[in-house]
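All letters in the sequence shown, in the order written, are residues 120 to 917 by my numbering.
Presented below is the structure to which this report refers.
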Amino acid sequence: MLRTGTGVACILLFAFLPWSAAGFSPQILKGQIPIWVNHRADAGTAPSDLRLNNLVLVLKRSPAQERKFRDFLAWQQDSSSPNYHHWLTPRQLGQRFGVAPGGIDKVSNWLRSRGLHVDGVSNSRMFIRFSGKAAAVGSAFSAEFHYYRPTAPGSNARPRLSIDAEPTIPASIAPFVASISGLSQVPIRPMLHAHVMPSRSLPGFENCPSGVCSYYISPADFATIFDLNPLYNSGIDGSGETIAIVGRSRVADSDIQEFAQHTGLTLRSPNVIIPPDGTDPGATADDDQMEATIDVERALGTAPGASIDLIVSASSETEGGVTIAVLYAIDTKVDPILSDSFGICEATVGSAAANAWDQLAQQAAAEGISFFTISGDSGASCDPAFAPPPATQTASPDLECTSGYVTCVGGTEFSDAANLSQYWSANSSPSVSSAFGYIPEGAWNEPTNSSGTYQIAATGGGPSAFIPKPSWQTGEGVPEDGHRDTPDISFPSSAHDGFYACIASAGGDCSTNHFEYVFGTSAAGPSMAGIAALIDQKLGAPQGNLNPALYRLAATTPDVFHDVTVASSGIVDCDIETPSMCNNSTPSPSALTGGLAGFEVGPGYDLATGLGSIDAANLVDALARIPPSFALSSSGSITVARGGVSGNTAVISVTPSAGFTGTVSLSCAVTTAPPGAQSMPTCSIPDAVTVSGPSPATATLAVLTAAAGAMLSLPGAGSVLACACLFAVPRRRRARLGVLALLLAGIVSTVGCGDGDSPATATISYSPPGTTPGTYVVTVTGASGSFTSTTTVPVTVN
120 MLRTGTGVAC
130 ILLFAFLPWS
140 AAGFSPQILK
150 GQIPIWVNHR
160 ADAGTAPSDL
170 RLNNLVLVLK
180 RSPAQERKFR
190 DFLAWQQDSS
200 SPNYHHWLTP
210 RQLGQRFGVA
220 PGGIDKVSNW
230 LRSRGLHVDG
240 VSNSRMFIRF
250 SGKAAAVGSA
260 FSAEFHYYRP
270 TAPGSNARPR
280 LSIDAEPTIP
290 ASIAPFVASI
300 SGLSQVPIRP
310 MLHAHVMPSR
320 SLPGFENCPS
330 GVCSYYISPA
340 DFATIFDLNP
350 LYNSGIDGSG
360 ETIAIVGRSR
370 VADSDIQEFA
380 QHTGLTLRSP
390 NVIIPPDGTD
400 PGATADDDQM
410 EATIDVERAL
420 GTAPGASIDL
430 IVSASSETEG
440 GVTIAVLYAI
450 DTKVDPILSD
460 SFGICEATVG
470 SAAANAWDQL
480 AQQAAAEGIS
490 FFTISGDSGA
500 SCDPAFAPPP
510 ATQTASPDLE
520 CTSGYVTCVG
530 GTEFSDAANL
540 SQYWSANSSP
550 SVSSAFGYIP
560 EGAWNEPTNS
570 SGTYQIAATG
580 GGPSAFIPKP
590 SWQTGEGVPE
600 DGHRDTPDIS
610 FPSSAHDGFY
620 ACIASAGGDC
630 STNHFEYVFG
640 TSAAGPSMAG
650 IAALIDQKLG
660 APQGNLNPAL
670 YRLAATTPDV
680 FHDVTVASSG
690 IVDCDIETPS
700 MCNNSTPSPS
710 ALTGGLAGFE
720 VGPGYDLATG
730 LGSIDAANLV
740 DALARIPPSF
750 ALSSSGSITV
760 ARGGVSGNTA
770 VISVTPSAGF
780 TGTVSLSCAV
790 TTAPPGAQSM
800 PTCSIPDAVT
810 VSGPSPATAT
820 LAVLTAAAGA
830 MLSLPGAGSV
840 LACACLFAVP
850 RRRRARLGVL
860 ALLLAGIVST
870 VGCGDGDSPA
880 TATISYSPPG
890 TTPGTYVVTV
900 TGASGSFTST
910 TTVPVTVN
C-alpha cells in the first residue's frame, strides 16, 4: 500500500508531466521529413517568432468510410452504375465522406490550445488551414524548425526551412489526422524555358539561317498536327466551357490580345481570381508570369471559345504541395477543368506530401474535375531542369503526377529533322499554319543546350514510390510494378519545336516584332486542358478524371493515340544508357553517357511518353460513343422545424451527359432516420422532368414534418370539470378557442360528461408527439429506361 505522502507525490508528478507521459501517447506522423534534412547540412535554428502561414492539416477518414469513398469514385466512372458521372459539390462531399463535425472540432480545439490560429476548414471537411509562429508550431508537433544548406556541390541556392524531426500529435486526435502540409520549404517550380526571337510577320517559320528553317508551333499548327480541325469545323471550340489555371502571377492582357491578333484568333482575357486567404502577387515579370502567360495562351490556343479562370496567389515559404490556389480551385471554385503546370520532385518531399496531394486530387475527381498536371523537365531524375547534371542524380517522378486522379502530361519531340519539307510548308497559310499534318514523335530529350553544354532537359516519367497502381492502369507496355506509373499522355515540349507565344515581360513583345518560343512540359499540360474543354462541350457535361477512359480506349480504340516507339523516334539503335529521343535518360556532368538511365519508348505505354500524344477528333468521337446518361444532384441540405414549411425545399438538378435527352421519372423516400423516430417526415417531388438539351433540368423536392402537440392527462373527476368549463363558455367564444375546443370536445366524448363515474386515474393522449428531431436523409431517384441515378439530401429537423 502507498502511504498518503507517496500518493500525493505521484499526483503531483503526473500533474507536471507533459501529455505524452500522462496516458496520452503521442502518434508519429511519418514521411514528413524531406531527403535534404540532415545534421551535416544544418544551418541553424529558425527565429522563434518567424510567422508560418498556409499550413494545412490533412485529415483522414475511418477505414470503412475510406472504402465507401473509393467505391464511390469507381462508380462515378462506371457507365453501368447509377452513380456514373454523379458529381458532388465540395459541401456534399464533406457531408457524405468528410470528417464528422465532432472530429473537426476536436482537432481545431487542439490546435488552438497549442497557441495556433485556425484559419479555416475546407468545404470537404478534409483540410484544416492554420498558422502560427515557428516556436509554437514546433512545440505543438514536438519538433524544431531549422535551415538546411543545399548539399549539391557548387549550389548557390539559399538554405531551406524544415522541421528537424517527424512531427507527433496526441492520440486523441490521431484518428482524424493523416499528415501536415507546409512544415518544409518546398521549391515548387514552373516547368518551362523560353527564348526570344525576332518575328517577320507570321509565327509559322520565323528562323531560317542559311536556308535551314526552325519551326514554331502556332495554334493552327497544333490543330493540324493533332486533328482538332474537324472539331472546330463542327462548331466545337470550347464555347461555354471554363478552364481553371493555377498560377503565381497575373498576366498582361496586352500579351493575350497580341497573341490573338498574331494568330488569327478572337480570345477573351482571363478572369483573375485571388483566393480570399491568398496574396495578390501582381504581374511578377519573372518565370511565374511567363508560366501563367503560356498556360493561358496554350489553353485558349487549343480551345479559343473557352473562358479562363486564372487563380493566382503568391508563393509562400512553406507550401508542401497543397497550395492556396489549388485548394481554392478544388474546394471552392470547382471549374470542370483544372490545369497546374508547376512541379516538384516526389522524392524531395516524401510520402506524406504524396498522399496529401493524392487526397486533394481525389476530391477533384469526386467533383467531376478533369485535372491536368505535367511530368516535368528533368527526365527520370529529380534534379533541376535546364541546368548542368550533378555528379549524383536521384531518380523520381513529379509529385503532382503521382496521383491516379490527375492526368499526367509528358513531353515529345518531333522526329522531322531528316526531311523538314515533308512535314512543313515553306510558307505559312492565311490561318498561320505551316504544318501539313501529323509529325512522328519521339521522347523529348535534349541533353545539350545551344552552346553544346550538357544539361538535364527531357520529359519526366517513372513509377511513384508511394502511390499504388490504379486498377485501370493496365494494358500493353504498362509495367507490372504495383506502382502508379507516369506520365499518361504527352505533347510536344522540346526547344526543337517550341510554342509561339507573346510575353512582353520576357522580351517576346509581339507589338515590337518579337515573340517568345516556349518549351518544356508546361506547354503540354494546358494544351490537354484545352482539348478537355472541347470534349466537355461536345458531350455536354464534365467528364471528371479522364484516365480510366484513356487506358480503356488504348486497348479498344488505338487510333485515339499516336504511339511513340523507337521507330517513330528516328533512333536506329536505341541505347538506354545514352540520352536520345528514344528515352528520357540524362547525361553526366562531362559526357553524354554516365548519367541516370531512364526509360525507353515502346509499343503501347511507356514511362517516357505514356500512351503517346492524342488525335483529338478520334478521342472525342470515341468518348461520344459512351451511352447517354444523366446524373442527379441537389442544391444542398434542408433544415426545417417540426410542422414548419420555411426552408423545407431543395432543388434537384438532372444533368445530362453524352448527349442525353428525354423524360426522367423522379421519386423520393426517407432512407435514414434517427433511432426510434416517430412521425417520420414525408417528401414530395414532381413525377418527371424533361431534359431537352445540354442544360440541367430541375425539380423541387419538398419535405413535410409533423408538428408537436400538447399531451393532456386528466383524472376522472377532472373530466367532469373539463366538460363544465367547456360548456360554460358561450358558443361564440367556443368557436374562437379553435384547436383547444376541439381537443376538449374529444376528451369529453371519450370520458363522458357529467355522471362522475370515470376512474379517478384516467389518462388521455390526444395528439401525436410530432416528428422526432434529428438528422434524416432523403434519397431522390431518377430513372429513364434502364438507367437510374440517385442523389441524397440531408434533412435536419429541429
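Glycine included, each C-beta is placed from N, C-alpha and C at the ideal position.
Residue i Cβ short of 7 Å to the ligand SAH heavy atom set
i           : result
residue 608 : You won't find the ligand SAH in this model; it holds no ligand whatsoever.
For residue i: DSSP bridge partner residues
i           : result
residue 608 : 528
residue 897 : 789 and 912
residue 146 : 288
residue 655 : None; residue 655 has no bridge partner.
residue 85  : Past the boundaries of the shown model lies residue 85; the chain is included only from 120 to 917, so the question cannot be answered.
residue 429 : 364 and 391
residue 240 : 247
residue 316 : 634
residue 564 : 577
Same chain, Cβ closer than 8 Å to residue i, neighbours up to 5 away in sequence not counted
i           : result
residue 390 : 426, 427, 428 and 429
residue 560 : 531, 532, 533, 534, 609, 611, 681, 683, 687, 688, 728, 731 and 732
residue 600 : 582 and 588
residue 673 : 594, 595, 679, 680, 723, 724 and 730
Residue i at chain B interface by Cβ criterion, 8 Å
i           : result
residue 739 : In the structure shown, chain B cannot be found, because there is only a single protein chain.
CA-to-CA distance, residue j to residue i, given in whole angstroms
i           : j           : result
residue 907 : residue 155 : 52 Å
residue 461 : residue 443 : 13 Å
residue 783 : residue 811 : 11 Å
residue 752 : residue 420 : 33 Å
residue 379 : residue 337 : 11 Å
residue 900 : residue 533 : 51 Å
residue 774 : residue 414 : 30 Å
residue 254 : residue 260 : 10 Å
residue 636 : residue 313 : 6 Å
residue 168 : residue 251 : 9 Å
residue 221 : residue 176 : 16 Å
residue 228 : residue 213 : 19 Å
residue 756 : residue 641 : 40 Å
residue 273 : residue 509 : Residue confidence for residue 273 is low, a pLDDT of 45 falling below 50, so the modelled location carries little weight and cannot support an answer.
residue 449 : residue 702 : 34 Å
residue 563 : residue 483 : 29 Å
residue 457 : residue 648 : 7 Å
residue 697 : residue 345 : 29 Å
residue 257 : residue 445 : 26 Å
residue 652 : residue 725 : 26 Å
Cut-off 7 Å between Cβ atoms - residues of its own chain near residue i, not counting five sequence neighbours on either side
i           : result
residue 144 : 290
residue 262 : 282, 283, 284 and 286
residue 569 : none
Beta-carbon contacts of residue i that lie in its chain and below 6 Å, excluding the five residues immediately before and after
i           : result
residue 629 : 377, 381 and 621
residue 388 : 372 and 375
residue 293 : 146
residue 513 : 466 and 501
residue 288 : 146 and 296
Residue environment, residue i, which counts as buried when at least 16 other CB atoms sit within 10 Å
i           : result
residue 401 : exposed
residue 650 : buried
residue 224 : exposed
residue 158 : exposed
residue 394 : buried
residue 197 : exposed
residue 182 : exposed
residue 541 : exposed
residue 905 : exposed
residue 536 : exposed
residue 675 : exposed
- Query: Three or more beta-carbon pairs under 8 Å between the stretch 790-798 and the stretch 889-902, yes or no?
  - Reply: Yes: at least three Cβ pairs fall under 8 Å.
Taking contact to mean 3 or more Cβ pairs, one atom from each stretch, closer than 8 Å, check whether the stretch 694-714 and the stretch 154-169 are in contact.
Not touching, per the Cβ criterion.
For the stretch 504-512 against the stretch 658-673, are there 3 or more C-beta pairs whose distance is under 8 Å? Flag = no, the stretch 504-512 and the stretch 658-673 do not touch.
* Is the stretch 589-600 touching the stretch 612-619, taking contact as three or more C-beta pairs under 8 Å? -> In the pairwise beta carbon analysis, the stretch 589-600 is classified as not touching the stretch 612-619: fewer than three pairs are separated by under 8 Å.
query: So, do the stretch 739-759 and the stretch 202-210 have three or more beta carbon pairs nearer to each other than 8 Å?
result: These segments touch.
- prompt: Is there contact between the stretch 490-500 and the stretch 509-528, where contact requires at least three CB pairs shorter than 8 Å?
  reply: Yes: the two stretches touch, three or more of their Cβ pairs being nearer than 8 Å.
Taking contact to mean at least 3 C-beta pairs separated by less than 8 Å, is the stretch 235-243 in contact with the stretch 262-270?
Between the stretch 235-243 and the stretch 262-270, the count of Cβ pairs shorter than 8 Å is below three; the stretches do not touch.
Review point. Is it true that the stretch 662-677 meets the stretch 344-361, where meeting means three or more beta-carbon pairs spaced less than 8 Å apart?
Key: These segments do not touch.
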